[in-house]
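Before any comments, here is the structure.
There are 2 protein chains.
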Amino acid sequence: MTETGGAKLSRGERAARRARQRRSRARSPFFRLPQEQPRSLLPPLEFLDPEQVEAIHQASMTILEEVGLDFLDDEALDILARAGAKVDREARHAWLDRGLVMEAVSQAPSAFTWHARNPARSLVIGGDALAFAPNGGTVFVQDLDRGRRPGVLDDYATLVKLTQMCNLLHTAGEQLVVPHDVPVPLRHLERLRLAVTLSDKALMEAAHGRVIPQDALAVARLVFGGELPQDGPVIGGVINVNSPLRYDSRMLGGLISYARAGQVTIITPFILAGVMGPVTMAGALAQQNAEALAGIALAQLVRPGAPVIYGGFTTNADLRSGAPAFGTPEGAWAAIVGGQMARRYGLPYRGSGTLNSSKLPDAQAAYETAWSIWPSVLAHTHFVLHAVGWLEAGLTVSLEKFLMDAENLAMFHRFLQGFPVDQESLALASIQAVGPGGHHLGTPHTQARYATAFYQPFLSDRQPFESWQEAGGLDAPRRANRLWKTLLAQYEPPPLDSGLEEALEAFIARRRQELAGADLYG
Amino acid sequence: MTETGGAKLSRGERAARRARQRRSRARSPFFRLPQEQPRSLLPPLEFLDPEQVEAIHQASMTILEEVGLDFLDDEALDILARAGAKVDREARHAWLDRGLVMEAVSQAPSAFTWHARNPARSLVIGGDALAFAPNGGTVFVQDLDRGRRPGVLDDYATLVKLTQMCNLLHTAGEQLVVPHDVPVPLRHLERLRLAVTLSDKALMEAAHGRVIPQDALAVARLVFGGELPQDGPVIGGVINVNSPLRYDSRMLGGLISYARAGQVTIITPFILAGVMGPVTMAGALAQQNAEALAGIALAQLVRPGAPVIYGGFTTNADLRSGAPAFGTPEGAWAAIVGGQMARRYGLPYRGSGTLNSSKLPDAQAAYETAWSIWPSVLAHTHFVLHAVGWLEAGLTVSLEKFLMDAENLAMFHRFLQGFPVDQESLALASIQAVGPGGHHLGTPHTQARYATAFYQPFLSDRQPFESWQEAGGLDAPRRANRLWKTLLAQYEPPPLDSGLEEALEAFIARRRQELAGADLYG
Numbered sequence: 133m134t135e136t137g138g139a140k141l142s143r144g145e146r147a148a149r150r151a152r153q154r155r156s157r158a159r160s161p162f163f164r165l166p167q168e169q170p171r172s173l174l175p176p177l178e179f180l181d182p183e184q185v186e187a188i189h190q191a192s193m194t195i196l197e198e199v200g201l202d203f204l205d206d207e208a209l210d211i212l213a214r215a216g217a218k219v220d221r222e223a224r225h226a227w228l229d230r231g232l233v234m235e236a237v238s239q240a241p242s243a244f245t246w247h248a249r250n251p252a253r254s255l256v257i258g259g260d261a262l263a264f265a266p267n268g269g270t271v272f273v274q275d276l277d278r279g280r281r282p283g284v285l286d287d288y289a290t291l292v293k294l295t296q297m298c299n300l301l302h303t304a305g306e307q308l309v310v311p312h313d314v315p316v317p318l319r320h321l322e323r324l325r326l327a328v329t330l331s332d333k334a335l336m337e338a339a340h341g342r343v344i345p346q347d348a349l350a351v352a353r354l355v356f357g358g359e360l361p362q363d364g365p366v367i368g369g370v371i372n373v374n375s376p377l378r379y380d381s382r383m384l385g386g387l388i389s390y391a392r393a394g395q396v397t398i399i400t401p402f403i404l405a406g407v408m409g410p411v412t413m414a415g416a417l418a419q420q421n422a423e424a425l426a427g428i429a430l431a432q433l434v435r436p437g438a439p440v441i442y443g444g445f446t447t448n449a450d451l452r453s454g455a456p457a458f459g460t461p462e463g464a465w466a467a468i469v470g471g472q473m474a475r476r477y478g479l480p481y482r483g484s485g486t487l488n489s490s491k492l493p494d495a496q497a498a499y500e501t502a503w504s505i506w507p508s509v510l511a512h513t514h515f516v517l518h519a520v521g522w523l524e525a526g527l528t529v530s531l532e533k534f535l536m537d538a539e540n541l542a543m544f545h546r547f548l549q550g551f552p553v554d555q556e557s558l559a560l561a562s563i564q565a566v567g568p569g570g571h572h573l574g575t576p577h578t579q580a581r582y583a584t585a586f587y588q589p590f591l592s593d594r595q596p597f598e599s600w601q602e603a604g605g606l607d608a609p610r611r612a613n614r615l616w617k618t619l620l621a622q623y624e625p626p627p628l629d630s631g632l633e634e635a636l637e638a639f640i641a642r643r644r645q646e647l648a649g650a651d652l653y654g
Numbered sequence: 133m134t135e136t137g138g139a140k141l142s143r144g145e146r147a148a149r150r151a152r153q154r155r156s157r158a159r160s161p162f163f164r165l166p167q168e169q170p171r172s173l174l175p176p177l178e179f180l181d182p183e184q185v186e187a188i189h190q191a192s193m194t195i196l197e198e199v200g201l202d203f204l205d206d207e208a209l210d211i212l213a214r215a216g217a218k219v220d221r222e223a224r225h226a227w228l229d230r231g232l233v234m235e236a237v238s239q240a241p242s243a244f245t246w247h248a249r250n251p252a253r254s255l256v257i258g259g260d261a262l263a264f265a266p267n268g269g270t271v272f273v274q275d276l277d278r279g280r281r282p283g284v285l286d287d288y289a290t291l292v293k294l295t296q297m298c299n300l301l302h303t304a305g306e307q308l309v310v311p312h313d314v315p316v317p318l319r320h321l322e323r324l325r326l327a328v329t330l331s332d333k334a335l336m337e338a339a340h341g342r343v344i345p346q347d348a349l350a351v352a353r354l355v356f357g358g359e360l361p362q363d364g365p366v367i368g369g370v371i372n373v374n375s376p377l378r379y380d381s382r383m384l385g386g387l388i389s390y391a392r393a394g395q396v397t398i399i400t401p402f403i404l405a406g407v408m409g410p411v412t413m414a415g416a417l418a419q420q421n422a423e424a425l426a427g428i429a430l431a432q433l434v435r436p437g438a439p440v441i442y443g444g445f446t447t448n449a450d451l452r453s454g455a456p457a458f459g460t461p462e463g464a465w466a467a468i469v470g471g472q473m474a475r476r477y478g479l480p481y482r483g484s485g486t487l488n489s490s491k492l493p494d495a496q497a498a499y500e501t502a503w504s505i506w507p508s509v510l511a512h513t514h515f516v517l518h519a520v521g522w523l524e525a526g527l528t529v530s531l532e533k534f535l536m537d538a539e540n541l542a543m544f545h546r547f548l549q550g551f552p553v554d555q556e557s558l559a560l561a562s563i564q565a566v567g568p569g570g571h572h573l574g575t576p577h578t579q580a581r582y583a584t585a586f587y588q589p590f591l592s593d594r595q596p597f598e599s600w601q602e603a604g605g606l607d608a609p610r611r612a613n614r615l616w617k618t619l620l621a622q623y624e625p626p627p628l629d630s631g632l633e634e635a636l637e638a639f640i641a642r643r644r645q646e647l648a649g650a651d652l653y654g
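Chains as they are written, first to last, in the numbering used here: chain A, 133 to 654; chain B, 133 to 654.
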């Protein structure tokens, strides 16, 4: 877990190594990826007309009022009852009047700033900005050298490092992989330690139960000097609905804990149409909308104005097996319409970037990922989770795919910038000077724009066949395999105040003692 | 080159084989892909505002008037001079007044029907329809068994067969691969023979010079019973501009020949920004527009109302090497804006589907292809050429990638259909009946829609890791490798009138004699 091995090197050796690293970085376009968030000036891609959006809205209101949802948590039922919802305490069920829901939802901000410990890494959620976050919730990790294996803490550290180094990723990640070598009740402590010490990007931590958020908020207070900022959240997590129409106590504990502290809840129904929702996408989306709005309303009842993100994760099941199907036309519809629904309520929207069912970083992984990221970006998804690394329906994160996906995020950043149309760029004088049959490679107009005219890939290969073959004939995953090793060798942790580091370690040491053998959700 | 080997089998054996094939087809979703063209109800994705479109239009008018183009063909110069263009015969150069160009362009139809020899395969170009055509112009072919090699006639036949079998492809293809084992002056005859005998889809043949189109038109007349239909074209080809600003005699011969016969010319500048056009995309697109409109105007001067397609193929060069860069953000801009320009003139639009620089059917091939097909489909490209198979900047066609790309075309077909939003599909009764925590897999609402609710892939794998591993752990290319072999084993040629077949063979035999050793472009 030591990051630099610097103690074993002399001062001169360290300086030489840093100089080598600087030279190497100067060579790789990966290190020149833009730090600022992408901003989209395109109108969001829409699939439904306003009447259809309204029909889904009305259907979801009927679901909230007439079907209701299970809320398997007494505090949640108390809050809903106090707000005027009809609650059946024995059945742990509540029916939410549309007036109650829409009034509460209207309290949610349409945009907010999510502070990172490095202010330059703070990010905007909402408006014309997009944010990309790495994979989350994966159980296995794979790479070409070691194959597929259950994740361990060292893998977690690797993923935080790669996330920190990739400018296109805007949070330090949440549950990047399960650290199987850490006892269950201590895992969140290790995740928080690595997120704070190896990254200076915006924090995320599982919104599970009440203990983990309490520890996450305690760490956040340490990071931000004792108190949480008043002008925006510093940490957030995903709240998954147990679709259909059920919030369990683990998720409600997390929702209430983060919302009460003014932190980010990303309220995300998990619907496989045909299994956890109707087989028809209109019905699945009406259910998604009802479930998301119920959670968002609850967050606003806990603390009006709490930052929330409307999450969509609806796709279809493969009906022959019941398995989830990712990167599908139906999932693309849902991603786009989810954005339309979120906009109807003036809420920031969360989607996903790299959903796919492939078992390895092959062409299927790449084209299904395209069926996930293209709709998400064009739908103007404010917060794109799982934007790198996913494989195998989210069970596995691939180190090679992590970088392949990052290349695509960088391409989208470029794409969304668009290009100028003006006298300079229309280049009539240059077209005239070159004339028919000439070429533009050496013109002053080209030379002046040589370095920045086009997106320069860090992974894609454009060599002629023979040169590519002479260079080893490596496919994209094998090139990515080389690159992540190069990157990890060049990783340097961001500056960390030594007082903070000590306080963090002391906190974690104390909590490790207190939580050993505990049931976090008891 | 025999297709069935049927002569060696008894009648009973043939019947048994056909029964096996029918059973096998019933199993593979590939054979159930929709035959009708995809239709897009989405508004086209646009990148520029109307003022920017107008600025590009105005710049291109200035190019046509003040810079002009080379036309390296006397007949073309005659036609332009007669129409009032200023022509320098010695320099083989013409300046085209905007009035002349726009008047001519306005004669072009905005939509037309392209007849196939099987009327059920005739296709609409324009309106809300999209058409997909296979790869063209490739030199090498590759598959996992035999690697990369120069194409031969047998490869050509393989590609026509796969094209014929894939319902998502709407033409029989043009120059699918170079048949190196056929002498140069006879290649078009063999291409035409295979296109007519192995496929019943719309014909394409190289618009190169005057001899090839003359033979192609002769074959088309045989296919259509002696005369070409008057209500729409039956054959077409791509006219590439030698950008910047030059039409060579080979392309002009093809353009004039097809246009005079009322057949389809797909007028496509080939611009690598920074090499064959300005490094700025606005300038490259202004040049593309000037070049495309010049050729379209010429086609209309040859025959007012001749069916034309406005072609865009602009992408960026990799400025470090001068190599073309495909599947790039800049190429995506150009694909989208090309559609905007074509719409400004009421012209059908041609783009490309699978442009990429990868040397093998890996993840790079797939994600760069996504950067080609996603913009093309969303820009509402009426004619998507190279919609399957491309690799290596168009030098190679991959049999495995052919099917991977076909899977994506089928997904787009589904995606563009959208989904209903009505009382049935909103499924409130079913949501109520299932209730919280239940599941929808066995409900009557799901069962009634089981078979058709979702796109069913023929290549993508959604099995759990263990099942996938037990089944051989094949990546997408290896599964595609199995599939194209299965398909080829099941290929049956479409019915062909024996009189037509004899006439075709007689024509080809005669022309083989006449053209042996000829210079087609002399």
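A virtual CB, placed ideally from N, CA and C, is assigned to each residue, including glycine.
Every value quoted in this text rests on a predicted model; they were computed, and no experiment measured them.
Can you name the residues of chain A whose CB is closer than 7 Å to the CB of residue i?
i	result
I188 (chain B)	V553
K293 (chain B)	Under the 7 Å cutoff, chain A gives no residues; its nearest Cβ is about 22 Å from K293 (chain B).
Y582 (chain B)	L451
Can residue i and residue j be called in contact, C-beta distance under 8 Å?
i	j	result
V656 (chain A)	L479 (chain A)	Since the displayed chain A opens at 133 and closes at 654, residue 656 (chain A) lies outside it and no answer follows.
L204 (chain A)	Y477 (chain A)	no
R644 (chain B)	L321 (chain B)	yes
T290 (chain A)	G305 (chain A)	no
L308 (chain A)	G259 (chain A)	no
For chain A, check one thing: does any of its Cβ atoms lie closer than 8 Å to the Cβ of residue i?
i	result
E135 (chain B)	Note that E135 (chain B) has pLDDT 39, beneath the 50 cutoff, so the model's placement of it is unreliable and no number is given.
P282 (chain B)	no
A210 (chain B)	Note that residue 210 (chain B) is Asp in the sequence shown, not Ala. With 8 Å as the cut-off, D210 (chain B) does not count as an interface residue toward chain A.
N374 (chain B)	yes
T194 (chain B)	yes
G269 (chain B)	no
Using the Cα positions of residue i and residue j, report the straight-line distance between them to the nearest angstrom.
i	j	result
G427 (chain B)	L209 (chain B)	12 Å
S142 (chain A)	A151 (chain A)	14 Å
E145 (chain B)	T329 (chain B)	24 Å
P161 (chain A)	A580 (chain A)	19 Å
G470 (chain A)	Y481 (chain A)	8 Å
L647 (chain B)	R319 (chain B)	10 Å
V509 (chain B)	G649 (chain B)	43 Å
G369 (chain A)	G279 (chain A)	29 Å
M297 (chain A)	E168 (chain A)	14 Å
F586 (chain B)	E462 (chain A)	7 Å
Taking 8 Å as the threshold (beta carbon to beta carbon), is residue i in contact with chain B?
i	result
D494 (chain A)	yes
A191 (chain A)	yes
Interface residues of chain B around residue i at Cβ under 9 Å?
i	result
N448 (chain A)	A585, F586 and Y587
N250 (chain A)	By Cβ distance, chain B contributes nothing, its closest Cβ being about 28 Å from N250 (chain A), past 9 Å.
E198 (chain A)	L560 and Q564
Need the endpoints of the beta strand (DSSP E) that residue i sits in, please.
i	result
P456 (chain A)	A455 to A457
H225 (chain B)	H225 to W227
Could you check if residue i belongs to the surroundings of the ligand MN, using beta carbon to heavy atom distance under 7 Å?
i	result
R214 (chain A)	The model depicted lacks the ligand MN and carries no ligand whatsoever.
Check the Cβ of residue i against every Cβ in chain A and list those closer than 9 Å, keeping chain order.
i	result
R150 (chain B)	The contacting residues do not exist; R150 (chain B) stays about 27 Å from chain A at best.
Could you tell me which chain B residues have their CB closer than 8 Å to the CB of residue i, listed as they occur along the chain?
i	result
Q184 (chain A)	V553
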